[in-house]
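Novice: Numbering (our numbering), first residue to last: 756 to 1194.
The C-beta atom is built at its ideal place from N, Cα and C for all residues, glycine as well.
Here it is, the structure, as structure tokens.
Here is the structure:
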């Protein structure tokens, strides 16, 4: 190895740039290899000729880490919107502030009574956390049967594409708020209870969509786009590209999805390959809709529970920044979820445009089809990790193998965890420091 080690980073998303940033002050030759013609990865932004911009799914920056806040702000020249998160739910014609468990006001009386009655009964039962083995058990213990099945249980089927009993609980963190009885009663009686959602304020770039957060990092990094890696030889320490190039490395860090990464590695053991094949992740069809309605709703995103509505979540990008849509228009993005393991997609992405428009009409978000002036779709084959029971052992085996052969991993799909963009960035930084330690 020379004085300056050659460090290869696979993937030009937040994790890849986090790794590159951590290495920027080191004596190393660092190259990010990205198979797409653009950077951004899962945080890419798609710009259309009619003036609409759509991210690859709803992304926001709500980190409270001042170091990261300053880094990201500097990367976009300080031009960002600072917003107070407004999140709601749609259930059978009712609009409910999020989280629903503390905002039952306005729902049918029988449903409210049953939710509270079951919550009280569940609260009286002593809970042995060591005996809770799946997410369904956790929901029943936390909320009682009625609320658990009506809201988070139903949402799980639409978002995770499988039943709650098929999931573990190690992904929850602050995502599902368990209220006190007083909070639940207050939210049932008071139409304006206190906000308890884990996202309060967030930032979003004023111009260029979410990928703009990477502008400064991109300018300071050596990124090789159109560089699809088709093979990794950990013994020879080389990467093989689809265009025939072979490049050497002293250290390699990957943010690629583990099920894609493992088959690329020469000599990967069969048990590791089998483990990678067991990992589950959702695929999302993002249906982008541009409308002439200048204001659709005072929200940033909405969760939809009804099976009759095709999409699981709807975001309102033009409420993030007015510059993602032409003047006087609004941008909407609907998420329709599938997964190869539990709910394979059988139709072309474009076939979901009409069901999404039908859902927008049914919920009253648009007034007529004549308001729709833009439709497009984006497919993200890797969207959200499914924390099923196969995951823990499989991830442990894969990570131990990668550590053994000196292949670093980072980001949502390298760590194979439920992490946000700021966490993906710091995951890349951590992987970079780990790579330097190995060298």
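Can you look up residue 1096 in the DSSP assignment and give me helix, strand or coil?
Specialist: Start at 1 with the first residue of the chain shown, and residue 1096 comes out as number 341. In this structure, residue 1096 counts as coil in the three-state DSSP scheme.
Novice: Would residue 805 be called buried (16 or more neighbouring beta carbons within 10 Å of its own) or exposed?
Specialist: Position 50 of the chain shown, counting from 1, holds the residue named residue 805. That one is exposed.
Novice: Starting from the C-beta of residue 901, find all residues in its chain whose C-beta is less than 6 Å away, skip the five residues before and the five after it, and write them out in chain order.
Specialist: Position 146 of the chain shown, counted from the start, is the residue given in the question as residue 901. Taken in chain order, the residues that qualify are 869, 870 and 873.
Novice: May I have the straight-line CA-CA distance separating residue 945 from residue 875, to the nearest angstrom?
Specialist: Sequence index remark: in the chain shown, residue 945 carries index 190 (1-based). Sequence index remark: in the chain shown, residue 875 carries index 120 (1-based). Distance between the alpha carbons of residue 945 and residue 875: 19 Å.
Novice: Give me the residue from 943, 784 and 997 with the minimum Cα distance to residue 863.
Specialist: Residue mapping note: residue 863 aligns to position 108 of the chain shown, counting from 1. For residue 863, the nearest C-alpha among the options comes from 943.
Novice: Would you identify the three-state DSSP class for residue 1009, choosing helix, strand or coil?
Specialist: The residue given as residue 1009 occupies position 254 in the chain shown. Strand.
Novice: Who are the Cβ neighbours of residue 756 in its own chain at under 6 Å, not counting the five residues just before and after it?
Specialist: Here residue 756 refers to the residue found at position 1 of the chain shown. Residue placement at residue 756 cannot be trusted, given a pLDDT of 45 that sits under 50; what the coordinates show is reported in the next sentence. Excluding positions up to five away in sequence, the list reads 1005.
Novice: What residue range is occupied by the uninterrupted beta strand (DSSP E) comprising residue 810?
Specialist: As a first step, residue 810 is located in the chain shown; it is residue number 55 there, counting from the start. That run of the beta strand (DSSP E) goes 808 to 810.
Novice: Check each candidate in 1190, 1041 and 1174 and name the one with the smallest Cα separation from residue 816.
Specialist: Mapped onto the chain shown, residue 816 falls at position 61. Nearest of 1190, 1041 and 1174 to residue 816, Cα basis: 1174.
Novice: Straight-line CA distance for residue 947 to residue 1086?
Specialist: Locating residue 947 in the chain shown gives position 192, counting from the first residue. Locating residue 1086 in the chain shown gives position 331, counting from the first residue. Roughly 28 Å separates the two Cα atoms.
Novice: Would you mind reading off the limits of the alpha helix (DSSP H) that contains residue 837?
Specialist: In the chain shown, residue 837 corresponds to position 82, counting from 1. Careful: residue 837 lies outside any alpha helix (DSSP H), inside the beta strand (DSSP E) at 835 to 839.
Novice: Apart from the five residues just before and just after residue 1110, which ones in its own chain have a Cβ nearer than 7 Å to its Cβ?
Specialist: Position 355 of the chain shown, counted from the start, is the residue given in the question as residue 1110. Counting only Cβ-Cβ distances below 7 Å, and skipping sequence neighbours, we find 1065.
Novice: Out of curiosity, what's the CA-to-CA distance linking residue 1127 and residue 1044?
Specialist: Walking along the chain shown from the start, residue 1127 turns up at place 372. Walking along the chain shown from the start, residue 1044 turns up at place 289. Cα to Cα, the separation comes out at about 7 Å.
Novice: What does the alpha-carbon distance come out to for the pair residue 996 and residue 1030?
Specialist: Numbered from its first residue, the chain shown carries residue 996 at position 241. Numbered from its first residue, the chain shown carries residue 1030 at position 275. Distance between the alpha carbons of residue 996 and residue 1030: 25 Å.
Novice: Suppose contacts are defined by Cβ-Cβ distances below 8 Å. Is residue 1183 in contact with residue 771 by that definition?
Specialist: Reading the chain shown from its first residue, position 428 is the one you call residue 1183. Reading the chain shown from its first residue, position 16 is the one you call residue 771. Against a cut-off of 8 Å, the Cβ pair of residue 771 and residue 1183 comes out as a contact.
Novice: Among 973, 1133 and 788, whose alpha-carbon lies nearest the alpha-carbon of residue 826?
Specialist: For the purposes of this step, residue 826 is taken as residue 71 along the chain shown, with counting starting at 1. With distances taken between Cα atoms, residue 826 lies closest to 973.
Novice: Buried or exposed: residue 913, going by 16 or more other Cβ atoms within 10 Å of its Cβ?
Specialist: Here residue 913 refers to the residue found at position 158 of the chain shown. Per the 10 Å Cβ criterion, buried.
Novice: My output table needs one value for residue 899: the three-state DSSP class, helix, strand or coil.
Specialist: The sequence position of residue 899 within the chain shown is 144, counting from 1. Residue 899: coil per DSSP, three-state reduction.
Novice: How about the region 1155 to 1163 and the region 1072 to 1088: do they share at least three Cβ pairs that are nearer than 8 Å?
Specialist: No, the region 1155 to 1163 does not touch the region 1072 to 1088.
Novice: DSSP state of residue 1182, grouped into three classes?
Specialist: Position 427 of the chain shown holds residue 1182. The answer is helix: DSSP assigns residue 1182 an H, G or I state.
Novice: For residue 930, count neighbouring Cβ atoms within 10 angstroms of its own Cβ and tell me buried if that reaches 16, exposed if not.
Specialist: Sequence index remark: in the chain shown, residue 930 carries index 175 (1-based). Answer is exposed; the Cβ neighbour count stays below 16.
Novice: Here's the rule I'm using: 16 or more other beta-carbon atoms within 10 Å means buried, otherwise exposed. How should residue 1049 be labelled?
Specialist: Against the chain shown, residue 1049 aligns to sequence position 294. So residue 1049 ends up on the exposed side.
Novice: Given this structure, state the Cα-to-Cα distance separating residue 843 from residue 1057, to the nearest angstrom.
Specialist: In the chain shown, residue 843 corresponds to position 88, counting from 1. In the chain shown, residue 1057 corresponds to position 302, counting from 1. Cα to Cα, residue 843 sits roughly 5 Å from residue 1057.
Novice: Taking the runs of the alpha helix (DSSP H) that are 4 residues or longer, which of them lie wholly in the region 1094 to 1161?
Specialist: You should have 1108 to 1117 and 1146 to 1160.
Novice: Under 8 Å, do residue 1170 and residue 846 count as touching if we go by C-beta distance?
Specialist: Within the chain shown, residue 1170 is the residue found at index 415, counting from 1. Within the chain shown, residue 846 is the residue found at index 91, counting from 1. Against a cut-off of 8 Å, the Cβ pair of residue 846 and residue 1170 comes out as no contact.
Novice: Could one say the Cβ of residue 812 lies closer than 8 Å to chain D's Cβ atoms, at least one of them?
Specialist: Judged by its chain identifiers, the structure shown contains no chain D, having just a single protein chain.
Novice: Mapping DSSP to helix, strand and coil, what is residue 930?
Specialist: Numbered from its first residue, the chain shown carries residue 930 at position 175. Reduced to three states, the DSSP call for residue 930 is coil.
Novice: Could you tell me the alpha carbon to alpha carbon distance between residue 773 and residue 812, rounded to whole angstroms?
Specialist: Here residue 773 refers to the residue found at position 18 of the chain shown. Here residue 812 refers to the residue found at position 57 of the chain shown. Straight-line Cα distance between these residues: approximately 20 Å.
Novice: Three-state secondary structure (DSSP) at residue 967?
Specialist: Residue numbering aside, residue 967 sits at position 212 when the chain shown is read from its first letter. Three-state DSSP puts residue 967 in a helix.
Novice: Could you check what DSSP says for residue 1175 in three-state terms: helix, strand or coil?
Specialist: Here residue 1175 refers to the residue found at position 420 of the chain shown. Coil, per DSSP.
Novice: Opposite residue 958 in the DSSP bridges: which residues?
Specialist: On the chain shown, residue 958 is found 203 positions in, with the first residue counted as 1. DSSP lists 816 and 837 as partners of residue 958.
Novice: DSSP on residue 867, reduced to helix/strand/coil?
Specialist: Within the chain shown, residue 867 is the residue found at index 112, counting from 1. Helix.
Novice: Here's the rule: buried if 16 or more other CB atoms are within 10 angstroms of the residue's CB, otherwise exposed. What is residue 1190?
Specialist: Your numbering for residue 1190 matches position 435 in the chain shown. That one is buried.
Novice: Quick check on residue 849: does DSSP put it in helix, strand or coil?
Specialist: For this step, residue 849 is matched to residue 94 along the chain shown. Three-state DSSP puts residue 849 in a strand.
Novice: Among the residues of its own chain, which have a CB less than 6 Å from the CB of residue 917, if the five just before and after it don't count?
Specialist: As a working mapping, residue 917 is identified with position 162 in the chain shown. Hits under 6 Å: 1097.
Novice: Does the distance from the CB of residue 1108 to the CB of residue 1115 come in under 8 Å?
Specialist: Along the chain shown, one-based indexing puts residue 1108 at 353. Along the chain shown, one-based indexing puts residue 1115 at 360. For residue 1108 and residue 1115, no; Cβs fall outside 8 Å.
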